[in-house]
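Peer 1:
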Amino acid sequence: MASSIHYLGIRHHGPGSAKRLLAALQQLRPQLVLIEGPADCSALLPLLANRATVPPVALLAYVTERPDICLYYPFAEYSPEYQACRWAHSQGAQCSFIDLPVAQQLATQLAAAKAVEAAQASADAEVPDGPSEPSEPSETDEPDTPPDALSAADEDAELGAPELWQGRDPIGQLAKLAGYEDGEDWWNDWIEQNQDDDEALFATLADAMGELRAAAEFAIEQESPSQQRNLLREAYMRSAIHEAAKQCEGAIAVVCGAWHAQALNTQSAKADRERLKTLGDKLPASKFKTTLVPWTSPRLAFGSGYAAGVAAPMWYQHLWQCGQSPKPSSDVAVRWLVQVAEQLRQLGHLPSTASVIEATRLSQTLAALRNRPAACFDDLRDAIIACLCHGEAALWQQIENRLLLGNQVGQIPPEAPLAPLLEDLQNQQKRLKLKPEALPKEQQLDLRSSAGLDKSTLLHRLLILEVPWGRLSDSGSSRGTFRERWLLQWEPEFSVRLVENLVYGSTIAQAASQKLKQSLLQEFELPKLAEQIHLALTAQLPQAAEFGLVKLEQRAAQACDCLELLQSLPELVDILRYGTAREISIGHLDELVQRLAIQGSLALPYASRDLDDEQASRVAQALNGAQQALLLLQETSTLNDYWWPALTQMIHAANTTRSLAGLAACLLYQQQQLATEHLALLLQRLLSPGVPVAQAAKFFEGFFATSAARLLYDPMLLEAVSNWLDSLEADAFVEYLPLFRRVFAALDAMERKRLLDKILRPGAALNKQVSVTAESLELWQNHLGGLTQLIAGAADWATTHEH
Amino acid sequence: MNDILRQPAEVKFAAELAALQAEDSGAKPVNWALSPKAVMTYLLGGSTAAGVKISPKYVGNRRLIETAVATLATDRALLLLGVPGTAKSWVSEHLAAAICGNSQQVIQCTSGTDENQIRYGWNYAQLLAKGPSREALVPTPLMRAMETGTLCRLEELTRMGSDVQDTLITILSEKMLPIPELNQIVQAKQGFNLIATANNRDKGVNDLSSALKRRFNVVVLPMPTDLEEEVGIISQRVQEMGAALRLQVPSNTQAEIAKLVTIFRELRGGETLDGKVTLKTPSGSLSTAEAISVMVGGLSQATWFGAGQLDADALSPSILGAVVKDPVQDRAVLEEYLETVLKKRADYAGLYRSLHELL
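In structure tokens:
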């Protein structure tokens, strides 16, 4: 039987609690340390204490078949539980968790989730027309919202106290007695920021909580669900402590939320056994897994939705660090202010050292005014705003997040049991030297190098798995196709999402491929299919790509919507070009593209009739894209036989939407499929006074929307346009002024000036003729030959063309 | 009742100050009449142990006032910034009254203010008769404050030319005022400090040099955060002013204030309080201070011309005057507001009708 049991009440993430706890442990030197935490995770304690573990980390427990049902227990460096665990391991004391096992909690959650699904299923059954596809299990839980596990594990806020006790919070009552307005402030001042190591405080605190609980007894008896849970947990912990005490000879230290300390120190074995009988079934050990996952400092914050979180993780971190250093505690404020000044300087402000001194003095005076033992976080903030930010709270808000939330990401020891996907990711991260960081960071990848290509492949695969660690910041290929710019930002829930993807496979490549196949199977629109096949190719998932191609061909056979046909062309052409550079069978995609192009061309003149503005602009976009794709493909026969005639038909059909007719004319003219004289005639005709101004203006807009610069180089075009503009009535001109502005806005200031010059002084720049000097012609031929050879890389080009 | 139009704060609230002083046992900075905590009570209201009720002078964020008082206790100068009508001068006056019992050492800074009004001037008759001497020197409020260890207030600091502003630098950092003509210096006694106010809406006037800015702790006073708070401020001030000006304050005043504040907040914020309609904003600032003067104007109209009835007809002319600062633009803004918002609200029918008539 144990000689003595010591109950040490703490706050879950409290640096002061942690420091005092360590001092107390050092004093008591217990043989056994019992920590409030899931009893069946005790096996992970050595891992948590491992030197290679860098907090913040979290215990993760998940149902193997349903990784979306999971529980987290985060630990920061300054978490008393973490420190207790480390202490125990360094001192050779035993250490274990005593709270309700996760097996039990997961079982409850699983049952609840199944009940919800069953309800959904029966609802679906009643409505036969409802979506026949079963909803994916991972989507029942929005990954963005904090998993309810967080609140389930620690719904009882920081101390384990019921948040509202008859509408008042019990700690707040204590604080009021001490002259504070807020329980949080009081606790921070006297417990967390109080840097003495007096372990007598534990006893005092336990007494105080005991009194509060006694006063709240009637409220607790009411047994709201959360109260009930609380009592159940306490009963479990009591019996666990009891069991442990039987087997331990020496002293025992129990580390638990301050609210529980007194309650655990009572004997009511019989009532406990009664209560514990109400516990539901446990999940068998084979059905769930527990592991350690890296966590991030922003996610320790209360604001991130973690119910037992703290207001400012980095402030606590700072307190902890200051507490660990031998320097006097007055340094806390100074060091913090210096950090703030440094942050402000990084933003380009110049707070002087003198201002930092003033801020320190002001914070001290504020603390005195507010009856506080030392300047606390709020005093410092007010002083910072008044002295360093010139009274502007906005400036403080700029640095607030970085300063208070930090961007720490924890690390777990290599021997931690990993979910296979996490393991795979960690291996790849190590291989590719990509470190997960909590704050966004830009990464440039050169796809020509194998490292760059591998990184890009990994990030694309993760995107498929809905783990957007990286975001492609310019997907447009304006910077060349071999360069990619990614914005990397790791969020702790990504680990969970990865684990959720376990259903698709056990490696990232496998899972990504499988998941993409799934979504291809559900996709029916050609452009989207093409997009996904393209994604499969970029992510180097040939299986998925081939699967997609088969599906695409089937689908293309049935497609007949012109817009859909045209829209799918650019992606498909990209695939074609991509495919030729890779070792991948793209089958008869070539023919397919041709067929789609022809189908699209034929449908185009009809599809572009009588459309409203919105639809017209959609068709215009597709038209531009398709034309570019076809030109890239250099399919001259398709172009000649179908595409150009289709565009010509569009111009001449009277009921083609005017803006599209304009665009068609423009595209034809640009590709020299429409002779200059014809265009002149066309412009004259379509912009002549007989045509209603509204229609003419639309045509004008369609023609020049993308090619206003042409006016600079094409006197004929310029003349036609200026004639038309001249002929407009004043009213009509004013009415369409916005439209003209829009068209000419595409030109930059220089171009506009040149255009203006041309219009105002027509003779000046136009008639510069280039004349050919006959005698130089032969010499040029010679040079040309030399140049060609030079470019071809001939070594002796100079000698062969000496003369 | 005496016939002074407006008494300085330390006279008007002499009883409160005396009550606070009587039982003030807190530690006081040198030359302070009250301890910082008693100053807080004086400004934010409360009651003394003896049961004397202390009226709140400033309604709003407690932290800001704490920062202001703590600043003065550190011998750093205090700069109160804010848009017009956010009680900057009001807070400054009451701080001075509470801390040193004298809120009358004021320099009103204008573009015409020169160094002689900041440092010291000369009595030219004396100067000619006796030459440069202390007798010929005419001290400014600032110099007197330094000599007596009290507070000096500078109103609208940024209205003053930048070169004149910079005279303050030596005084603020070295706490002394050199008199080169006499080869003497005036050294500030403990307790001396400056409270400056400045408007941060038209700050382009004469922006503070960074050297000077660095010597002030800045507290920005915001517009009241919510409707209730603003209504509270206005009704308190209207009651006080009504009593001072011997105006009747009818029972429906509170309801009318709520309506007025709603209108002001909606126009100021550019959207209706329920966030459903966006509005154009008029050019004026429509501050709480303006709302107070609209109400007092309305009460005056009601008392002298309207048989004591505070109705829409009494308020509308003042509202019109407050909103329409620019005769063309603001008129259009108000018209739009009347037609799109007020017209649909049954309880604003009176205001709508009379404003509509006035437009």
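Chains C and L are the protein sequences, given in the same order.
Counting from 1 along the first sequence, just add 1142 to a position and that's the residue number in my numbering.
Counting from 1 along the second sequence, just add 563 to a position and that's the residue number in my numbering.
Note that beta-carbon positions come from the ideal geometry of N, C-alpha and C, so glycine has one too.
1) Counting only beta-carbon atoms, is leucine 644 of chain L nearer than 8 Å to chain C?
2) Could you pull out every residue in the same chain whose Cβ sits closer than 7 Å to the Cβ of alanine 1850 of chain C, ignoring the five residues on either side in sequence?
3) Histidine 1148 of chain C bridges to which residues according to DSSP?
4) Please list, in chain order, the chain L residues whose beta carbon lies closer than 7 Å to that of threonine 1507 of chain C.
5) Checking the sheet assignment: what are the DSSP bridge partners for glutamine 1246 of chain C?
6) Within 10 angstroms of the Cβ of asparagine 665 of chain L, are there 16 or more other Cβ atoms? Answer buried if so, exposed if not.
7) Report yes if the CB atom of glycine 1151 of chain C is closer than 8 Å to the CB atom of alanine 1403 of chain C, and no otherwise.
8) From this set, L/Ala582, L/Pro599 and L/Leu583, which residue's C-alpha is nearest alanine 590 of chain L's C-alpha?
9) Would a C-beta distance cut-off of 8 Å place phenylalanine 523 of chain L and leucine 642 of chain L closer than the cut-off?
10) What is the rounded straight-line gap between the Cα of threonine 1599 of chain C and the Cα of leucine 1738 of chain C?
11) Under 8 Å, do alanine 1654 of chain C and leucine 1683 of chain C count as touching if we go by C-beta distance?
12) According to DSSP, is threonine 1942 of chain C helix, strand or coil?
13) So which residues of chain C does glutamate 737 of chain L contact, with C-beta pairs closer than 7 Å?
14) Below 7 Å on C-beta distance, what does serine 1494 of chain C contact in chain L?
15) Drop a sphere of 10 angstroms on the beta-carbon of isoleucine 1606 of chain C, count the other beta-carbons inside from all chains shown, and report buried for 16 or more, exposed for fewer.
16) Can you round the beta-carbon distance between leucine 923 of chain L and glutamine 668 of chain L to whole angstroms, since I take them to be within the 8 Å contact cut?
17) Give a yes or no on whether the C-beta atoms belonging to leucine 1442 of chain C and valine 1435 of chain C are separated by under 8 Å.
18) What is the DSSP secondary structure of serine 1759 of chain C, counted as helix, strand or coil?
19) Do leucine 1187 of chain C and tryptophan 1229 of chain C have their beta-carbon atoms positioned less than 8 Å apart in this structure?
20) Run the CB neighbour count on threonine 1930 of chain C, radius 10 Å, all protein chains shown included, and call it buried at 16 or more, exposed below.
21) Taking Cβ-Cβ distances shorter than 7 Å, what residues in chain C pair up with proline 599 of chain L?
22) What residue range is occupied by the uninterrupted beta strand (DSSP E) comprising valine 701 of chain L?
23) Going by beta-carbon coordinates alone, are leucine 1707 of chain C and leucine 1775 of chain C separated by less than 8 Å?
24) Should alanine 1516 of chain C and alanine 1525 of chain C be called a contact, given that it needs their Cβ atoms to be closer than 8 Å?
25) In chain C, which residues lie with their C-beta within 8 Å of the C-beta of threonine 630 of chain L?
26) Quick one: which residues of the segment 773-805 of chain L get their C-beta closer than 7 Å to a C-beta of chain C? List them in chain order.
27) Judging by CA-CA distance, which residue of L/Ala572, L/Glu656, L/Ser850 and L/Val782 is the nearest neighbour of alanine 1536 of chain C?
28) Please classify leucine 1663 of chain C as buried or exposed, where buried requires at least 16 neighbouring CB atoms within 10 angstroms.
29) Below 8 Å on the Cβ atoms is my guess for valine 1835 of chain C versus alanine 1874 of chain C; work out the distance and round it to an integer in Å.
30) Tell me which residues of the segment 1526-1553 of chain C have at least one Cβ-Cβ distance to chain L shorter than 9 Å, keeping chain order.
31) Would you say the segment 1176-1192 of chain C touches the segment 1231-1246 of chain C, given that touching needs at least three Cβ pairs under 8 Å?
32) Buried or exposed for glycine 1309 of chain C, going by 16 or more other Cβ atoms inside 10 Å?
33) Using a beta-carbon distance cut-off of less than 9 Å, what residues from the segment 709-731 of chain L approach chain C?
34) So if I threshold CB-CB distances at 7 Å, which residues from the segment 609-629 of chain L count as touching chain A?
35) Using three-state DSSP, classify tryptophan 595 of chain L as helix, strand or coil.
36) Would you report the Cα separation of glycine 861 of chain L and aspartate 910 of chain L, rounded to the nearest angstrom?
Peer 2: Taking the structure as given:
1) When Cβ-Cβ separations below 8 Å define contact, leucine 644 of chain L makes contact with chain C.
2) So the list reads Val1885, Phe1886, Ala1888 and Leu1889, once near-sequence residues are dropped.
3) Answer is C/Ala1395.
4) Here the neighbours are Ala633, Ala636 and Thr637.
5) Beta-bridge partners assigned by DSSP to glutamine 1246 of chain C: none are found.
6) Answer is buried; the Cβ neighbour count reaches 16.
7) Annotated as proximal: glycine 1151 of chain C and alanine 1403 of chain C, with beta-carbon spacing under 8 Å.
8) If we check each option's Cα against that of alanine 590 of chain L, L/Pro599 comes out closest.
9) Here chain L comprises residues numbered 564 to 922, so residue 523 of chain L is not present and cannot be evaluated.
10) Cα atoms of threonine 1599 of chain C and leucine 1738 of chain C: separation of roughly 30 Å, rounded to the nearest angstrom.
11) Yes, the Cβ-Cβ distance between alanine 1654 of chain C and leucine 1683 of chain C is below 8 Å.
12) At threonine 1942 of chain C, the pLDDT of 48 sits below 50, so the modelled position is not reliable; the number obtained from the coordinates is stated separately. Residue state, collapsed to three classes: helix.
13) Result: empty, since nearest Cβ-Cβ is about 13 Å, beyond 7 Å.
14) In chain order: Arg777.
15) Burial state of isoleucine 1606 of chain C is buried, judged by a 10 Å Cβ sphere holding 16 or more other Cβ atoms.
16) A question about residue 923 of chain L goes unanswered here, because the residues of chain L that appear run from 564 up to 922.
17) No, they are not a contact pair.
18) In the three-state DSSP reduction, serine 1759 of chain C falls in the helix class (H, G or I).
19) Not a contact, by the Cβ cut-off of 8 Å.
20) Under this definition threonine 1930 of chain C is an exposed residue.
21) Chain C residues near proline 599 of chain L: Leu1511.
22) In the DSSP annotation of this structure, the continuous segment of the beta strand (DSSP E) that includes valine 701 of chain L starts and ends at 700-702.
23) Result no, Cβ atoms of leucine 1707 of chain C and leucine 1775 of chain C do not sit closer than 8 Å.
24) In this structure, alanine 1525 of chain C does not lie closer than 8 Å to alanine 1516 of chain C by Cβ.
25) Those within 8 Å of threonine 630 of chain L in chain C are Leu1504, Leu1508, Asp1524, Ala1525, Ile1527 and Ala1528.
26) From the segment 773-805 of chain L, only Lys776, Arg777, Asn780, Val781, Val782 and Val783 have a Cβ closer than 7 Å to chain C.
27) When each option's Cα is compared against that of alanine 1536 of chain C, the closest is L/Val782.
28) Exposed, by the Cβ-count rule.
29) Contact annotation, valine 1835 of chain C with alanine 1874 of chain C: C-beta distance approximately 4 Å; criterion of less than 8 Å satisfied.
30) Flagged, chain order: Ile1527, Ala1528, Cys1529, Cys1531, His1532, Gly1533, Glu1534 and Ala1535.
31) The segment 1176-1192 of chain C makes contact with the segment 1231-1246 of chain C; the number of CB pairs closer than 8 Å reaches 3 or more.
32) Residue confidence for glycine 1309 of chain C is low, a pLDDT of 41 falling below 50, so the modelled location carries little weight and cannot support an answer.
33) Those would be none; no residue qualifies.
34) Looking at the structure shown, chain A is missing, and the protein chains on hand are C and L.
35) Coil at tryptophan 595 of chain L, not helix or strand.
36) Rounded to the nearest whole angstrom, the C-alpha separation of glycine 861 of chain L and aspartate 910 of chain L is 18 Å.
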